[in-house]
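Undergrad: Residue numbers (UniProt numbering): 1 to 1175.
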């Protein structure tokens, strides 16, 4: 034994007698602090050790203690590696593949022969080759993210390729970068990227792949669609374009090839991992479509051994939105306000008859809507009801609440059920992954339904030792049933209206302020409604929203197919050739049918009734029957790629590693002409329609008996048809060199040719390229004794990527127009002038990064700082009029984005059955308009359209505001560019002059509409079979405009109307239109525009949300196996549980139009439950 009390002059007393080698190793490890690495079988033939002497160094101790043992040793850093001594010098080649526990290959694994210190490294496909002695072979497999493994092989075992499985460390950085062109270890890549593993994607239940990525990637920001009428928009490292025709979304790559699929088209259960490529070195290989970054999705394949079956069932329930957060005025307050408006309006006329004549009569040609409350006053004025009846009716209305009835009867909790079954299969010759996903649900509005089917098949075949192939098919089919959107409006009728009575019967109103959305016919008023109801030649205009919601339901169907195949041939020692092909097809169909008795068709039918005064005959120009509309579109695309790959390790000790690839790619996208048809007089039973006189009804029109004037039908057949075809050809190359696992150099180049680019060779052949360098500091010799540091890497990259505007052309374009009704009228209409210098938008990115892992990988982080300069941006620029146009979209702008990103992972508590970990994701981005030569306009354009009008030196999408000066007698005033008031007051505080402010110089830049910083905090606690996770998301540094009340409208619903200005009142709330003197009513719109868009209304848009909380329970394996299953997991989850906003006042920036200051329905809580079974 080693006795610490026998230490003299740093010598160690070694005293062993017939000691077992394991006992000796333990003692040496305890004293000298070295870690021993060996195969347990190695010690079975070891001799007992007997020794009694004093030694100072570990080297001396090992030389004596392990003398004549059947194994040798080698010191490496603070490790002592034991290996079996060779008994033969016959050399033999060991071939194999290194994989993880899920079957994924691991590139960049160091393989050491423990006998002679020769070494190599696994390639991008996890393959390795190493010459060894042919008797007993001991190999050590090391990787920064996996536990080291020492394996012993017999000559018989290495006669065929071996498979080595490494287990991942408990906490690690995502170490394998999948670019779509190659797989490479992060140790060898200086690029900035974030990898999300299958475990990270599925730690909670995700509605789709978009939501699965939220909070996982620093720099990836989701711009929520405030009305939720479309998908959220992912933005990576800020917006880098001015053009709405240039996408701001990252390029999506699935299984190595670009796709037209969106993230929401991809079944999350089919995804194995996602890699987000951020900087030029990572993304430039994709050329002129990679300026916004690249999201690489890798789908699953068959793993393990044999066949297994996975089944998932998920249930989603989303509550109705909380309508109280919309801050609508109460029914009684709205009634009082509307009475004031009526009285004020009546005061401007001689009598009530004159007032209601203003709103028009049947056939007058100037029909206008007035409310049911106005109609009560009309009836009172003509003696139809008494004053007492009118007052009693109004008082009864005060207890009504149309909004509550609407939310109770029209809205419903959204429900969704998702079923997913997958069958992975794997063998030495092939692997297959098959999945089927069925998703169905009900929308927020009654009668809205949706279904989605997803089928995925992917098979890989090892045809020979050197040849492998992959084939696959992915298909999605969706069916959505949607109601007419005009009915989903809580103010479709006044708040004092009813939908149902106390007995649950439908309540019909004689008329509503709702024009026909399928033809001519606008709103009417109470007197006109009575006349229509009394005329047997016209159709009733009565309305009930619940009945109407069953009319004109639109069916949207879409089909997406993606077929792909690849063939890979290993040619010679790290050299391989791969050919890949994918073909995509997309189809979309939309159809709707309005029955002839539907509200919309009744209104349209009335509008198309004409009357002959001489004969007294009514003519119904719209045929009896319904209206059927159909629209179909298709798209096709393919990608064909051929690529040579080289990945090899050479040098006596494998200190040189080289990866390279070169390839050729062709792409085509084709969108043929769409098909659109409109049938009137349609009978859905007989499938027949009526031929009508389109020439008269759509061109000449008829004089409407109800509306007067000239009414016409819209003819779909007169529109222009378009067809687009784009072709791309690309040459590219990429190379990376690593020296001694310490220094990395990379470079890439790509030349894109496309029909979109200009004909000038200077621009047509301009390459996109990148360079990068990395230093693995932790692999340096001077870091060997730093046990607390597991890895440290410094990175630097520089490169150029591009973006394409597919709506522009280098050639002059024109539209050939031909009217179906008058075929002889054919002509060309010029759409754009030629632009021979048209080129892609260019983004130059500099990125500096650092990755580290410390304390046995308990704390790890990636930190990046970047500078993105986007130039040659397309913008509508001023031209010399002598060229034939005053403006043209050309490459003439520049924009800069600077930022910093953190992704920090920490395991801060780890016990036997309990683990607590935290992930912090943070990004900061600031952009600046560097160059703009766009069209100039008035101040209101800069305020209302910040993405089209902006100033050099400011942030893109700045929120501009007028300067508020103060308020006099309820009239706000504002300061112009000279600091002078735009309102002149008399001695009584009444404006005598109100002028508009039009100069952009009068505006104040209040900040940006785009968040400067975003991030998330992911907390995870695991105790035995339980798993608790919570994700907070936050965003800030940007501004929003409050939903200030409109001072120029008498139709208000905002609760703020009760605080309006009053004579003698002490408040700073302005006058509403009803409070303006008649002579100033026309000026109210000027002050209203300035008031709503002034700096007084700007507040912070910062927020933090508890996006989700999930609790999972994993059934113990013994119990699962008794039930005939391998795995059982139950998950319960709540989304959008808590919200804090700096703006307050129930404003949710994610459900808010920041620039216009418009509230939308807030995000509601969702409750999710998932069950996962594996057989």
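Don't be surprised by glycine CBs; every beta carbon is placed ideally from N, CA and C.
So, are the CB atoms of residue 125 and residue 163 less than 8 Å apart?
TA: Numbered from its first residue, the chain shown carries residue 125 at position 125. Numbered from its first residue, the chain shown carries residue 163 at position 163. No, these two residues do not count as a Cβ contact at 8 Å.
Undergrad: When the Cα atoms are used, what is the spatial distance from residue 173 to residue 935?
TA: Reading the chain shown from its first residue, position 173 is the one you call residue 173. Reading the chain shown from its first residue, position 935 is the one you call residue 935. Confidence at residue 173 is low in this model, with a pLDDT of 40, below 50, so its placement is unreliable and the value that follows should be read with caution. Near 48 Å, if we compare the C-alpha coordinates of residue 935 and residue 173.
Undergrad: Just checking my contact of residue 874 with residue 889 at CB under 8 Å: how many whole Å lie between their CB atoms?
TA: For the purposes of this step, residue 874 is taken as residue 874 along the chain shown, with counting starting at 1. For the purposes of this step, residue 889 is taken as residue 889 along the chain shown, with counting starting at 1. That pair is a contact at about 5 Å.
Undergrad: Which complete beta strand (DSSP E) runs does the segment 399-471 hold, if anything under 3 residues is left out?
TA: Qualifying beta strand (DSSP E) stretches, in chain order: 414-426, 430-442 and 449-462.
Undergrad: State the Cα-Cα distance for the pair residue 1181 and residue 1165, rounded to the nearest angstrom.
TA: There is no way to answer for residue 1181, as the model of the chain reaches only from 1 to 1175.
Undergrad: Could you check which residue in 320, 438 and 361 has the C-alpha nearest to that of residue 403?
TA: Translated into the one-based positions of the chain shown, residue 403 becomes position 403. Selected option, being the one with the closest Cα: 320.
Undergrad: Note the first and the last residue of the continuous beta strand (DSSP E) segment covering residue 1132.
TA: Position 1132 of the chain shown holds residue 1132. Segment 1127-1141, the beta strand (DSSP E) holding residue 1132.
Undergrad: Let me make sure I understand the geometry here. Which of 283, 472 and 634 has the alpha-carbon closest to that of residue 746?
TA: Here the question's residue 746 lines up with position 746 in the chain shown. Ranking 283, 472 and 634 by Cα distance to residue 746 puts 283 first.
Undergrad: Buried or exposed for residue 29, going by 16 or more other Cβ atoms inside 10 Å?
TA: To locate residue 29, count along the chain shown from 1; it is residue 29. Exposed, since its Cβ has fewer than 16 Cβ neighbours within 10 Å.
Undergrad: Which residue from 1090, 1008 and 1035 puts its Cα closest to that of residue 1046?
TA: Against the chain shown, residue 1046 aligns to sequence position 1046. Selected option, being the one with the closest Cα: 1090.
Undergrad: DSSP state of residue 849, grouped into three classes?
TA: In the chain shown, residue 849 corresponds to position 849, counting from 1. Strand at residue 849.
Undergrad: Tell me whether the beta-carbon of residue 161 lies closer than 8 Å to the beta-carbon of residue 772.
TA: Here residue 161 refers to the residue found at position 161 of the chain shown. Here residue 772 refers to the residue found at position 772 of the chain shown. No, these two residues do not count as a Cβ contact at 8 Å.
Undergrad: Output the distance between the C-alpha atoms of residue 713 and residue 695, rounded to the nearest integer angstrom.
TA: The residue given as residue 713 occupies position 713 in the chain shown. The residue given as residue 695 occupies position 695 in the chain shown. Spanning the two alpha carbons is a distance of roughly 10 Å.
Undergrad: Looking at residue 1110: is its Cβ nearer than 8 Å to the Cβ of residue 157?
TA: Locating residue 1110 in the chain shown gives position 1110, where the first residue counts as 1. Locating residue 157 in the chain shown gives position 157, where the first residue counts as 1. Not a contact, by the Cβ cut-off of 8 Å.
Undergrad: When we look at the beta-carbon of residue 913 and count the other beta-carbons within 10 Å, is it buried (16 or more) or exposed?
TA: Translated into the one-based positions of the chain shown, residue 913 becomes position 913. That one is exposed.
Undergrad: Is the beta carbon of residue 39 closer than 8 Å to that of residue 1221?
TA: Past the boundaries of the shown model lies residue 1221; the chain is included only from 1 to 1175, so the question cannot be answered.
Undergrad: When we look at the beta-carbon of residue 98 and count the other beta-carbons within 10 Å, is it buried (16 or more) or exposed?
TA: Taking the chain shown and counting its residues from 1, one reaches residue 98 at position 98. It counts as buried.
Undergrad: Please go through the same chain and pick out, in chain order, the residues whose beta-carbon is closer than 6 Å to the beta-carbon of residue 657, but skip the five residues on each side of it.
TA: Position 657 of the chain shown, counted from the start, is the residue given in the question as residue 657. Same-chain partners within the cutoff: 121, 649 and 738.
Undergrad: Which of the three DSSP states, helix, strand or coil, is assigned to residue 158?
TA: By one-based count along the chain shown, residue 158 stands at place 158. The answer is helix: DSSP assigns residue 158 an H, G or I state.
Undergrad: Roughly how many angstroms separate the alpha carbons of residue 1178 and residue 389, rounded to a whole number?
TA: Shown here, the chain extends from 1 to 1175; a query on residue 1178 therefore has no answer.
Undergrad: Have a look at residue 616 and residue 685 and give me their C-alpha separation to the nearest angstrom.
TA: Reading the chain shown from its first residue, position 616 is the one you call residue 616. Reading the chain shown from its first residue, position 685 is the one you call residue 685. Going from the Cα of residue 616 to the Cα of residue 685 covers about 35 Å.
Undergrad: In angstroms with no decimal places, state the Cα-to-Cα distance between residue 512 and residue 999.
TA: Here residue 512 refers to the residue found at position 512 of the chain shown. Here residue 999 refers to the residue found at position 999 of the chain shown. Roughly 41 Å between the two C-alpha positions.
Undergrad: In three-state terms, what does DSSP make of residue 212?
TA: As a first step, residue 212 must be located in the chain shown, where it is residue number 212. Helix at residue 212.
Undergrad: If we count Cβ pairs, one from each stretch, closer than 8 Å, do we get three or more for the segment 390-397 versus the segment 359-368?
TA: Because the criterion of three Cβ pairs below 8 Å is not met, the segment 390-397 and the segment 359-368 do not touch.
Undergrad: Across the segment 1090-1108 and the segment 1024-1041, are there enough close Cβ pairs to call them in contact, namely three or more that are closer than 8 Å?
TA: Contact between the segment 1090-1108 and the segment 1024-1041 is present, because at least three Cβ pairs lie under 8 Å.
Undergrad: Rounded to the nearest angstrom, what separates residue 843 and residue 932 at their Cα positions?
TA: Here residue 843 is taken as the residue at index 843 of the chain shown, counted from 1. Here residue 932 is taken as the residue at index 932 of the chain shown, counted from 1. Roughly 16 Å separates the two Cα atoms.
Undergrad: Buried or exposed: which applies to residue 81, given that a residue is buried once 16 or more other Cβ atoms fall within 10 Å of its Cβ?
TA: In the chain shown, the residue the question calls residue 81 occupies position 81. That one is buried.
Undergrad: Within the same chain, show all residues whose beta-carbon is closer than 8 Å to that of residue 460, passing over the 5 residues directly before and after it, in chain order.
TA: For the purposes of this step, residue 460 is taken as residue 460 along the chain shown, with counting starting at 1. For residue 460, where only same-chain residues beyond five positions count, the Cβ hits under 8 Å are 301, 302, 430, 431, 432, 468, 469 and 470.
Undergrad: Ignore the nearest five residues each way along the sequence and tell me which others in residue 1057's own chain have a CB closer than 6 Å to its CB.
TA: Here residue 1057 corresponds to residue number 1057 of the chain shown, with the count starting at 1. For residue 1057, where only same-chain residues beyond five positions count, the Cβ hits under 6 Å are 329 and 337.
Undergrad: What is the rounded straight-line gap between the Cα of residue 16 and the Cα of residue 27?
TA: Working through the chain shown from its first residue, we reach residue 16 at position 16. Working through the chain shown from its first residue, we reach residue 27 at position 27. Those two C-alpha atoms are separated by around 10 Å.
Undergrad: The alpha helix (DSSP H) spanning residue 106 covers which residue range?
TA: In the chain shown, counting from the first residue as 1, residue 106 sits at position 106. Looking at the DSSP string, residue 106 is not in any alpha helix (DSSP H), and its letter there is neither H nor E.
Undergrad: In chain order, what are the residue ranges of uninterrupted beta strand (DSSP E) at least 3 long that sit wholly in the UniProt domain "Secretin/TonB short N-terminal" (34-85)?
TA: Listed in chain order, they are 35-37, 49-55, 71-76 and 79-84.
Undergrad: Given a cut-off of 8 Å, decide if residue 83 and residue 114 are closer than it, judged by their beta-carbon atoms.
TA: By 1-based counting over the chain shown, the position of residue 114 is 114. By 1-based counting over the chain shown, the position of residue 83 is 83. A contact, by the Cβ cut-off of 8 Å.
Undergrad: According to DSSP, simplified to helix, strand and coil, what is residue 1185?
TA: Since the first residue shown for the chain is 1 and the last is 1175, residue 1185 is missing from the structure and cannot be characterised.
Undergrad: Considering residue 275, what are the terminal residues of the beta strand (DSSP E) in which it resides?
TA: Residue numbering aside, residue 275 sits at position 275 when the chain shown is read from its first letter. Element bounds for residue 275: 271-277.
Undergrad: Can you tell me the Cβ-Cβ gap for residue 252 and residue 217, rounded? I've got them flagged as a contact below 8 Å.
TA: The count along the chain shown starts at 1 and reaches residue 252 at position 252. The count along the chain shown starts at 1 and reaches residue 217 at position 217. So it is not a contact: roughly 14 Å between Cβ atoms.
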